[in-house]
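Peer 1:
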Amino acid sequence: MCKTIVITNQKGGVAKTTTTANMGYLLAQNGFRVLLVDFDPQGNLTATSTTQKAALSVSDILQIMVKEEPLPELSQFIGKAGNADIIGSSLSLAVVEKGLSAETGGEYVLQELLDTLKKSYDYILIDTNPSLGVLSINSLVAADLAIIPVCPEYYAVVGLNDLFRTIAITKRRLNKNLEIGGILYTMVDSRTKLHREIMADIQKQLNGHVRIFDSYIPRSIDVSNAVRYGSGISELHKENKATIAYQSFVKELQSYGI
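Residues 1 to 258, numbered by full-length UniProt numbering, are exactly what the sequence shown covers, in order.
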């Protein structure tokens, strides 16, 4: 059965795209059929992960679906990202977002698209934009699980409360199957007192109600560069400590049946 996972946080700079890219690379390396969906108009996942570009982007497909026209051949909008597949994005997605906001049932368009593709994949991973709008709501509506990358900085706790509220409302009104898979700490410097204190504060606040993964992604220059350019690191830096951490995270995911 296909698992659709959205990697989300309403705060930027927390390694969402980097996490999506590395999860996709490692899951595909382990023999799973993986589809990456770049649902961010910035298109960083597309720019850094695509090895064979498709003719159409996700914004083109959404417009076709809104017009209730038949979908083109899969090869027209599904490209390659190494051993994984990818539906790419572009700045035109920001224009489509405005149209979806005015469309009846506009929150369900991505779900409708992915429902037609699930039979071909074990995992669908959605990289979404760091803001609350119809694109992020579409991603939550389409997903079974939300994984939340969190950099343990000062505003992390406040941002988490807002995100939990958004997920709870989406689950209640739009997608009863949506669950929080867990929090993944990223860009962690365990030597920094502030990071340790914030991680302890989050654990205390959640009180076991939301999983916090044992694995965490350490701060490193490779992760910082990957976040800056929105790329993965596992393929390029196979022995890097962050790569090893992502490998540990993917193993932990699977140990939970995710």
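Beta carbons: idealized from backbone N, C-alpha and C, even for Gly.
Are there 16 or more other CB atoms within 10 angstroms of the CB of G181, so buried, or fewer, so exposed?
Peer 2: Flag for G181 reads buried.
Peer 1: Ignore the nearest five residues each way along the sequence and tell me which others in V210's own chain have a CB closer than 6 Å to its CB.
Peer 2: Excluding residues within five positions, the ones whose Cβ falls inside 6 Å are I180.
Peer 1: Quick one: grab the DSSP three-state call for V14.
Peer 2: The answer is coil: DSSP assigns V14 none of H, G, I, E or B.
Peer 1: Apply the 10 Å Cβ neighbour rule to R173 and answer buried if 16 or more other Cβ atoms are within range, or exposed otherwise.
Peer 2: Exposed, by the Cβ-count rule.
Peer 1: Hey, could you find the ends of the beta strand (DSSP E) V124 is sitting in?
Peer 2: The displayed chain sequence assigns Ile, not Val, to residue 124. Y123 to T128 is the extent of the beta strand (DSSP E) around I124.
Peer 1: Tell me which same chain residues have a C-beta within less than 8 Å of the C-beta of I258, skipping the five on either side of it?
Peer 2: Around I258: K3, I5, L145 and G181.
Peer 1: Would you check if the distance between the CB atom of F39 and the CB atom of I126 is smaller than 8 Å?
Peer 2: Taking 8 Å as the Cβ cut-off, F39 and I126 qualify as a contacting pair.
Peer 1: Specify, as a first and last residue, the run of the beta strand (DSSP E) that I198 falls within.
Peer 2: Element bounds for I198: not the beta strand (DSSP E) but the alpha helix (DSSP H), K193 to L206.
Peer 1: In the structure shown, what three-state DSSP assignment does A143 receive?
Peer 2: A143: coil per DSSP, three-state reduction.
Peer 1: If distances are taken between C-alpha atoms only, which option among T104, A81 and Q205 comes closest to A28?
Peer 2: For A28, the nearest C-alpha among the options comes from A81.
Peer 1: Could you check what DSSP says for Q42 in three-state terms: helix, strand or coil?
Peer 2: Here Q42 sits in coil by DSSP.
Peer 1: Counting pairs of Cβ atoms below 8 Å between the region 129–142 and the region 104–116, do you hit three or more?
Peer 2: These segments touch.
Peer 1: Pick from V14, Q52 and T8: whose alpha carbon is nearest that of C151?
Peer 2: Residue V14 is the option with its Cα nearest to C151.
Peer 1: Can you tell me the Cα-Cα spacing of Q247 and L26, whole angstroms?
Peer 2: Cα to Cα, Q247 sits roughly 7 Å from L26.
Peer 1: Closest by CA to S92, which one among T48, K16, L184 and V58?
Peer 2: The residue with the shortest Cα to Cα distance from S92 is V58.
Peer 1: Return the residue from the list A156, E252, T243 and A242 that minimises the CA-CA distance to Q203.
Peer 2: Here the closest residue by C-alpha is A156.
Peer 1: For I148, which of K98, R191 and N129 has the nearest alpha-carbon?
Peer 2: Checked all of K98, R191 and N129; the closest Cα to I148 is N129.
Peer 1: For residue 259, does the three-state DSSP call read helix, strand or coil?
Peer 2: Outside the displayed span of the chain (1 to 258) sits residue 259, for which this structure offers no information.
Peer 1: Identify the continuous beta strand (DSSP E) that holds K53 and give its terminal residues.
Peer 2: First-last for K53: undefined, no H or E at that position.
Peer 1: Tell me, please, which residues DSSP counts as bridged to P218.
Peer 2: V188, per the DSSP bridge assignment.
Peer 1: Going by other Cβ atoms of all chains shown within 10 Å of its Cβ, with 16 needed for buried, is G194 buried or exposed?
Peer 2: First, the amino acid is wrong: residue 194 is Leu here, not Gly. L194 comes out exposed.
Peer 1: Could you tell me the distance, in whole angstroms, from the CA atom of T8 to the CA atom of T166?
Peer 2: Their backbone Cα atoms lie some 11 Å apart in a straight line.
Peer 1: Please identify the residue among N161, M65 and P72 whose C-alpha is closest to the C-alpha of V96.
Peer 2: Closest by alpha carbon: M65.
Peer 1: Which residues bound the alpha helix (DSSP H) around I5?
Peer 2: Counting along the chain, I5 falls outside any alpha helix (DSSP H), though it belongs to the beta strand (DSSP E) covering K3 to I7.
Peer 1: Figure out for me which residue from L132, I86 and A94 has the closest Cα to the Cα of L114.
Peer 2: Considering only alpha carbons, the answer is I86.
Peer 1: Does any CB atom of chain C fall closer than 8 Å to the CB of A168?
Peer 2: No chain C appears in this structure, which consists of one protein chain only.
Peer 1: Drop a sphere of 10 angstroms on the beta-carbon of K11, count the other beta-carbons inside from all chains shown, and report buried for 16 or more, exposed for fewer.
Peer 2: Buried is the call here.
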